Structures are given as C-alpha cells and as structure tokens.
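Participant:
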Amino acid sequence: MRISLDTNIFLAIKNKEDSSSFCEKILNAIEEKKFTGVLSTVVIAEVLVGFYQNDETWEADEFTQNITAYYEIIPVSMEISQKGAKIRAKYKVKLPDALIIASLDLFETKILITSDKKLNKCPEIKIMSPEKFVEKYLN
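Counting from 18, one number per residue, gives the positions in the sequence shown under my numbering.
In structure tokens, the structure reads:
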C-alpha cells in the first residue's frame with residue numbers, strides 16, 4: 018500500500034510530541050517496506066526549514082539521505098501546480114497542503130497521514146491521524 022506523510026509527522030518526532038511514538042512506528046514500517054512511502058518535495062522542504070533555522074546542517078543532510086533511501090519523491094510539476102491551485106481555491110487550504118494533496122492524488126497515493134484536521138475537507142485522498150493509522154494497520 019502506498020502511503021504518504023505530512024510534514025507534521027516528522028516534526029512530531031523531532032519535537033518529541035505526544036504522537037511521536039505513533040509516528041515512529043509508521044516511519045519504521047516504511048523503512049521495513051511494509052508500506053511504500055511517498056513524499057512530495059513540499060514536505061521535504063518544510064521539514065528542512067526547521068533544521069536550517071536551527072543551524073542543524075548535519076541533521077538536514079541525514080534527513081535528506083534517509084528520505085531518498087526509503088521514499089518515492091514527487092517533485093512539484095506544472096500538472097501538480099495546476100491541480101494544487103484548484104484544490105486551494107475549492108477547499109481554502111494552505112498552498113503547501115494543496116500541493117501535497119495534488120501530488121498524492123496524481124500519483125495514486127490515497128492515504129495521507131497527518132495531524133492536520135483541516136485537511137479532512139479534501140475528498141481527493143483519505144486523511145488519517147497517526148494514531149488511527151497505527152490502530153488500523155500496525156496493531
């Protein structure tokens with residue numbers, strides 16, 4: 018099964034948030050090839066911003082190496098830009114979120130794991146919290 022992770026999944030782990038243990042289980046399952054992980058370059062850029070703001074260049078490089086080793090990467094193309102703009106206009110979500118959803122919809126990835134409840138209004142893909150995903154697929 019092809020799944021994708023939103024930026025907040027990686028940030029939950031980095032910041033040791035309450036959901037971090039669920040997020041770690043999901044990342045481990047992708048690394049163990051139980052699922053095919055798919056990421057938009059938008060997610061990668063958003064995660065890297067935090068590393069660079071904190072002058073964590075080594076961590077940024079390590080993150081990039083791990084991502085390219087375990088995930089399919091979807092760059093933002095003209096088609097994704099157009100579809101993302103339509104999603105943003107229709108559902109009033111932030112542009113990065115609209116681009117992520119457009120990427121996944123066009124690349125036949127139907128589950129986005131996120132803690133962002135605002136994305137539930139976008140029917141293009143199935144939105145699941147880390148907790149719900151672990152409960153349904155990893156227990």
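Virtual Cβ for every residue (Gly too), placed ideally from N, Cα, C.
Since we're looking at a predicted model, the values are computed, not measured.
Taking just the CA atoms, how far does V110 sit from K127?
Facilitator: Locating residue 127 in the sequence shown gives position 110, where the first residue counts as 1. Locating residue 110 in the sequence shown gives position 93, where the first residue counts as 1. When rounded, the distance between both Cα atoms is 18 Å.
Participant: Hey, is the stretch 75 to 82 in contact with the stretch 96 to 116, meaning 3+ C-beta pairs nearer than 8 Å?
Facilitator: They do not touch, by the three-pair rule.
Participant: May I ask you to verify whether the stretch 52 to 60 touches the stretch 19 to 30, counting CB pairs closer than 8 Å and requiring at least 3?
Facilitator: Flag = yes, the stretch 52 to 60 and the stretch 19 to 30 touch.
Participant: Nearest CA to the CA of F124: which residue from I61, S94, I26, N137?
Facilitator: As a first step, residue 124 is located in the sequence shown; it is residue number 107 there, counting from the start. With distances taken between Cα atoms, F124 lies closest to S94.
Participant: Need the endpoints of the alpha helix (DSSP H) that E79 sits in, please.
Facilitator: Stepping through the sequence shown from its first residue, residue 79 is reached at position 62. Note, E79: alpha helix (DSSP H), 74 to 87.
Participant: Given a cut-off of 8 Å, decide if C40 and I47 are closer than it, judged by their beta-carbon atoms.
Facilitator: If you number the sequence shown from 1, residue 47 lands on position 30. If you number the sequence shown from 1, residue 40 lands on position 23. No, the Cβ-Cβ distance between I47 and C40 is not below 8 Å.
Participant: Cα separation between L6 and I61?
Facilitator: This structure leaves residue 6 out entirely; the chain is present only between 18 and 156.
Participant: For D23, count neighbouring Cβ atoms within 10 angstroms of its own Cβ and tell me buried if that reaches 16, exposed if not.
Facilitator: Indexing the sequence shown from 1 puts residue 23 at position 6. Looking at its Cβ environment, which holds 16 or more other Cβ atoms inside 10 Å, D23 is buried.
Participant: Does the Cβ-Cβ distance between T131 and I91 come in under 8 Å?
Facilitator: Locating residue 131 in the sequence shown gives position 114, where the first residue counts as 1. Locating residue 91 in the sequence shown gives position 74, where the first residue counts as 1. Taking 8 Å as the Cβ cut-off, T131 and I91 do not qualify as a contacting pair.
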